[in-house]
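**Q** Just so we're aligned: the sequence shown equals residues 0 to 90 in numbering that gives the first Met the number 0. Glycine included, every Cβ here is placed at the ideal spot set by N, Cα and C.
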Amino acid sequence: MNVEILQISADTIPSLKTWAEQLGGLPFPLLSDYWPHGVVGQAYGIFNDERGIDARSVFLLDANGVIRYSHLYAQGTIPESADLLPRLAAI
Numbered sequence: 000m001n002v003e004i005l006q007i008s009a010d011t012i013p014s015l016k017t018w019a020e021q022l023g024g025l026p027f028p029l030l031s032d033y034w035p036h037g038v039v040g041q042a043y044g045i046f047n048d049e050r051g052i053d054a055r056s057v058f059l060l061d062a063n064g065v066i067r068y069s070h071l072y073a074q075g076t077i078p079e080s081a082d083l084l085p086r087l088a089a090i
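Right, dumping it as structure tokens:
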């Protein structure tokens, strides 16, 4: 679908590396929003200052960087590809 997937969290780079290794690798990059802590999450309005983490969320941007879809998930919920594929196709 000519898309690029980036996963961003407020975890440290060593934590993300270990997590990816435990999963057997991932087909997309894991990016750290650790320092300055949560600056990307804050920019997107999803950083939880009390817990020091980003809320689980998805943002789909078009080729011009415009957010075309966003969704905030309940804690512990994992976004499903099947839910996102039709939204990507619409963009």
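Suppose only complete runs of 4+ residues qualify. What are the alpha helix (DSSP H) ranges in the stretch 19-67, listed by chain order?
**A** Runs of the alpha helix (DSSP H) inside the stretch 19-67: 38-42.
**Q** Rounded to whole angstroms, what's the CA-CA distance from T11 to L71? Just pull it up for me.
**A** Whole-angstrom Cα-Cα distance: 22 angstroms.
**Q** In terms of residues, what are the limits of the beta strand (DSSP E) holding I7?
**A** Q6 to S8 is the span of the beta strand (DSSP E), which, as asked, contains I7.
**Q** According to the Cβ coordinates, are G44 and A9 closer than 8 angstroms?
**A** Not a contact, by the Cβ cut-off of 8 angstroms.
**Q** Take R92 as the anchor and find which of N47, S14 and P85 has the nearest alpha-carbon.
**A** As displayed, the chain neither begins before 0 nor continues past 90, which places residue 92 out of reach and without an answer.
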